[in-house]
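Chemist: The sequence shown begins at 4 in the working numbering and counts up one residue at a time.
Yeah, the Cβ is synthetic: ideal placement off N, Cα and C, and Gly gets one too.
Every value quoted in this text rests on a predicted model; they were computed, and no experiment measured them.
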Amino acid sequence: MFCYQCEQTMRDDKFLGCAADKGACGKDATTSDLQDILIYQIKGVAQYAHRARTLGVVDKGVDDFIQFGFFTTLTNVNFTATRFVSLIQQAAKIRDDIKQKYVAAATKRGQSVEELDGPAVFHPAANMDDLLKQADVAQVNADHEQVGEDVNGLRMLILYGMKGACAYSHHARMLGYHEDEIDAEAERILDYLASNPSDLEDLLTQALAVGHLNLKVMDLLDRANNGTFGNQEITKVRITPVAGKAILVSGHDLHDLSQILEQTKDSGINVYTHGEMLPAHAYPELKKYPHLVANFGGAWQQQQREFAEFPGPVVLTSNCIIEPARTYRQRIFTTGPVGWPGVRHIENGDYRPVIQAAKALPGFKQDTQEETITTGFGHDTVLGLADKVIDAVKSGAIKRFFVIGGCDGAKPGRNYYTDLADQTPDNTVVLTLGCAKYRFNKRAYGDIGGIPRLLDLGQCNDAHSAIKIAGALANAFGCGVNDLPLSLMISWFEQKATAVLLSLLAAGVKGIHLGPSLPAYLTPNLLTVMQERFDLRVNHTPEEDLKIALG
Ligand code: SF4
Ligand code: SF4
Numbered sequence: 004m005f006c007y008q009c010e011q012t013m014r015d016d017k018f019l020g021c022a023a024d025k026g027a028c029g030k031d032a033t034t035s036d037l038q039d040i041l042i043y044q045i046k047g048v049a050q051y052a053h054r055a056r057t058l059g060v061v062d063k064g065v066d067d068f069i070q071f072g073f074f075t076t077l078t079n080v081n082f083t084a085t086r087f088v089s090l091i092q093q094a095a096k097i098r099d100d101i102k103q104k105y106v107a108a109a110t111k112r113g114q115s116v117e118e119l120d121g122p123a124v125f126h127p128a129a130n131m132d133d134l135l136k137q138a139d140v141a142q143v144n145a146d147h148e149q150v151g152e153d154v155n156g157l158r159m160l161i162l163y164g165m166k167g168a169c170a171y172s173h174h175a176r177m178l179g180y181h182e183d184e185i186d187a188e189a190e191r192i193l194d195y196l197a198s199n200p201s202d203l204e205d206l207l208t209q210a211l212a213v214g215h216l217n218l219k220v221m222d223l224l225d226r227a228n229n230g231t232f233g234n235q236e237i238t239k240v241r242i243t244p245v246a247g248k249a250i251l252v253s254g255h256d257l258h259d260l261s262q263i264l265e266q267t268k269d270s271g272i273n274v275y276t277h278g279e280m281l282p283a284h285a286y287p288e289l290k291k292y293p294h295l296v297a298n299f300g301g302a303w304q305q306q307q308r309e310f311a312e313f314p315g316p317v318v319l320t321s322n323c324i325i326e327p328a329r330t331y332r333q334r335i336f337t338t339g340p341v342g343w344p345g346v347r348h349i350e351n352g353d354y355r356p357v358i359q360a361a362k363a364l365p366g367f368k369q370d371t372q373e374e375t376i377t378t379g380f381g382h383d384t385v386l387g388l389a390d391k392v393i394d395a396v397k398s399g400a401i402k403r404f405f406v407i408g409g410c411d412g413a414k415p416g417r418n419y420y421t422d423l424a425d426q427t428p429d430n431t432v433v434l435t436l437g438c439a440k441y442r443f444n445k446r447a448y449g450d451i452g453g454i455p456r457l458l459d460l461g462q463c464n465d466a467h468s469a470i471k472i473a474g475a476l477a478n479a480f481g482c483g484v485n486d487l488p489l490s491l492m493i494s495w496f497e498q499k500a501t502a503v504l505l506s507l508l509a510a511g512v513k514g515i516h517l518g519p520s521l522p523a524y525l526t527p528n529l530l531t532v533m534q535e536r537f538d539l540r541v542n543h544t545p546e547e548d549l550k551i552a553l554g
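1. Decide yes or no for the touch test of the region 57-68 against the region 322-341: beta carbon pairs closer than 8 angstroms, at least 3 of them.
2. Tell me whether N322 counts as near ligand 2, meaning its Cβ is closer than 6 angstroms to at least one heavy atom of that ligand.
3. List the whole-angstrom C-beta distance separating P428 from K402, where the pair is believed to meet the contact cut-off of C-beta under 8 angstroms.
4. Go through its chain and collect everything with a Cβ distance to M533's Cβ below 6 angstroms, but skip five positions before and after it.
5. To the nearest angstrom, how far is the alpha carbon of V406 from that of G278?
6. Would you kindly check if the distance between the Cβ of N144 and the Cβ of N155 is under 7 angstroms?
7. Return yes when the C-beta of W343 is under 6 angstroms from any heavy atom of ligand 2, and no when it is not.
8. Take every Cβ of the region 308-315, pair it with every Cβ of the region 280-291, and state whether three or more of those distances are shorter than 8 angstroms.
9. In chain order, what residues of the same chain lie with their CB nearer than 6 angstroms to the CB of F537, ignoring the 5 residues before and after it?
10. So, using beta-carbon positions, are E374 and T243 closer together than 7 angstroms?
11. Please say whether M221 and H516 have beta carbons closer to each other than 7 angstroms?
12. Suppose you measure from the CA of Q369 to the CA of K239; what does that come to, to the nearest Å?
13. Is any heavy atom of ligand 2 found at a distance shorter than 6 angstroms from the C-beta of K499?
14. Ignoring anything shorter than 4 residues, give me the alpha helix (DSSP H) runs that lie fully in the region 152-204, in order along the chain.
15. Between C6 and ligand 1, is the CB less than 6 angstroms from at least one heavy atom?
16. What does the alpha-carbon distance come out to for the pair I161 and G366?
17. On the DSSP letters alone, give me the boundaries of the alpha helix (DSSP H) that G409 sits inside.
18. In or out: T371 buried (at least 16 other Cβ within 10 Å) or exposed?
19. Taking only runs of the alpha helix (DSSP H) that begin and end inside the region 220-306, which ones reach a length of at least 4 residues, in chain order?
20. Secondary structure at N478, three-state DSSP: helix, strand or coil?
21. Taking G72 and A94 to be in contact with their CB atoms under 8 angstroms, please state how far apart those CB atoms are, rounded to whole angstroms.
22. Could you check whether the region 348-361 touches the region 98-109, counting it as contact only if at least three pairs of C-beta atoms, one from each stretch, sit closer than 8 angstroms?
23. When you compare only the Cα positions, how much space is there between R191 and L224?
24. If we ignore side chains and look at the alpha-carbon of each, how far apart do C568 and L37 end up?
25. Inspect the beta-carbon positions of A502 and G167 and report whether they are closer than 7 angstroms.
26. Going by beta carbon distance, what residues of the same chain come within less than 8 angstroms of Q426, once the five residues before and after it are set aside?
27. Do G214 and S520 come within 7 angstroms of each other at the CB atom, strictly closer than that value?
28. Does the distance between the C-beta of E309 and the nearest non-hydrogen atom of ligand 2 fall short of 6 angstroms?
29. Can you tell me whether K368 is helix, strand or coil according to DSSP?
30. By how many angstroms is the C-alpha of T33 removed from the C-alpha of K136?
31. Where do the N-terminal and C-terminal ends of the beta strand (DSSP E) with V432 fall, by residue?
32. If you drop the 5 nearest sequence neighbours on each side, which residues of the same chain put their C-beta closer than 8 angstroms to that of I451?
33. If D259 and T384 are in contact, beta carbons under 8 angstroms, what's the gap, nearest whole angstrom?
34. Looking at the secondary structure, which residues open and close the beta strand (DSSP E) in which M492 lies?
35. What does DSSP give as the partner residue(s) for I376 in the beta ladder?
36. When the Cα atoms are used, what is the spatial distance from N464 to V116?
Here is the structure:
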């Protein structure tokens, strides 16, 4: 195995990346190799889908599969090796079907059929043992010795950004939202990757193309969430338990949560959100369910302790799952792209096994004294306060905005973000998003003339809101986004965050602080390029970085 897609990848003086029997996340070598083969095979699907599309043949089933397949390979999503064996076989069949459609369309038009190689002609073995013998060709750094680490690093920036964009796109598809333009661009970029590109300048251009693509995807997902569940509203969310039977829903997928809420509505069971599901409480069509009672716990890396404490079943709808402890393994469920060996998987949105488990488990014996936090500051809510915010900036009451958000993780260095938020001066506003907010979202930061100093914009994909708000402020002040009193301190962990970073760069945002440590695939040369072109900054201490930002 070789994998260096996330922030917790193994690093020492000599070697970067997880390459032993198991990655730091618990992904074993078998699953890692099978994931690489799936990615390789999906590139082959994209090679034909891209060409078929240029001849007018569009197959939504193919687009669905490409994006779902990519999602299964994100960090902390699916650890079930056998599931990847079937996905690889499915990919081969889909690739052969779309190839036939391409050949038929080309022949019908009297055009020559392109002879493709690489993933387009890869024939996966029928069983796991034989598949693993084919893993070398698909390994993400298969030719790194020939092309060098800079080329490989940029290829990975594109690949991992595409993983994040595909995951967001899949969430939108679950709500019935998709766009041909997005699917076409995703296939074009994957076709480009399948050609083993090695021109550094071109690779950088394509990395920004992933950022542009993900801007469109985040906008689509925003429309999907708001169009389905109503615009986010400022909402106080209870964070302490209520007496009664209980189900905990973790992950990002609002569609899954809505199904669970609908199927439990007359059951007397209370539903709680966990991790990135917190912003769900702000959507009118989700908060209308009185049994969506509270948010429980914090960010994903605390799940082994928190799930053990929760007295009911837990449903994981997307990233980030980590090895379930024995104490709750029997009452945890996965759905969609998520999987863990031996953990029950919910198919087709039928949550009856979860409801049965909730009825059989004790639930919370009694109410705990009510405590709340506030969420729901989507772009519509914040832009509704625009006049007030602009006046506060003009009068000097607000001196600077900080975006402190992204992913959380287990490393002690992530306290940087807690300390940073705590030390922001009273005349500054902190916009947060993603699960990094749990580092400080239960703290009181007060307000500036009625504008809360901490505004929770939502999930990590709601970086789209931050970009929209920054654009609106720049318009109001007649300046560029980089001239605003705005500092972005982005905490990354996995591939959704890579996609968001590329989107910010594609949107022209400069001076982003990225931490707590840089992606392993950003070589020293690539970092220099990113610093020169985008003023990408590394974290120092919160004190030093605040001083620079405020200076
Ligand atoms: S996902 Fe991260 S921790 Fe897991 S194997 Fe890959 S780099 Fe290592
Ligand atoms: S913000 Fe990142 S780390 Fe946090 S739950 Fe979402 S994907 Fe996982």
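Modeler: Let me spell this out:
1. no
2. yes
3. 7 angstroms
4. L539
5. 19 angstroms
6. For N155 and N144, yes; Cβs fall inside 7 angstroms.
7. no
8. no
9. Within the same chain, F537 has close Cβ partners L508 and K513.
10. yes
11. no
12. 21 angstroms
13. yes
14. 152-177 and 183-197
15. yes
16. 45 angstroms
17. No alpha helix (DSSP H) contains G409, which is instead part of the beta strand (DSSP E) from R403 to G409.
18. exposed
19. Whole alpha helix (DSSP H) segments, 4+ residues: 257-266 and 287-290.
20. When secondary structure is reduced to three states using DSSP, N478 falls in the helix class.
21. 6 angstroms
22. no
23. 21 angstroms
24. Nothing about residue 568 can be read from this structure; the chain reaches only from 4 to 554.
25. In this structure, G167 lies closer than 7 angstroms to A502 by Cβ.
26. P545, E546 and L549
27. no
28. no
29. coil
30. 11 angstroms
31. Its beta strand (DSSP E) spans residues T431 to L436.
32. A395, A400, I401, D429, N430 and V432
33. Rounded, the Cβ-Cβ distance is 24 angstroms, inconsistent with contact.
34. L489 to S494
35. V240
36. 39 angstroms
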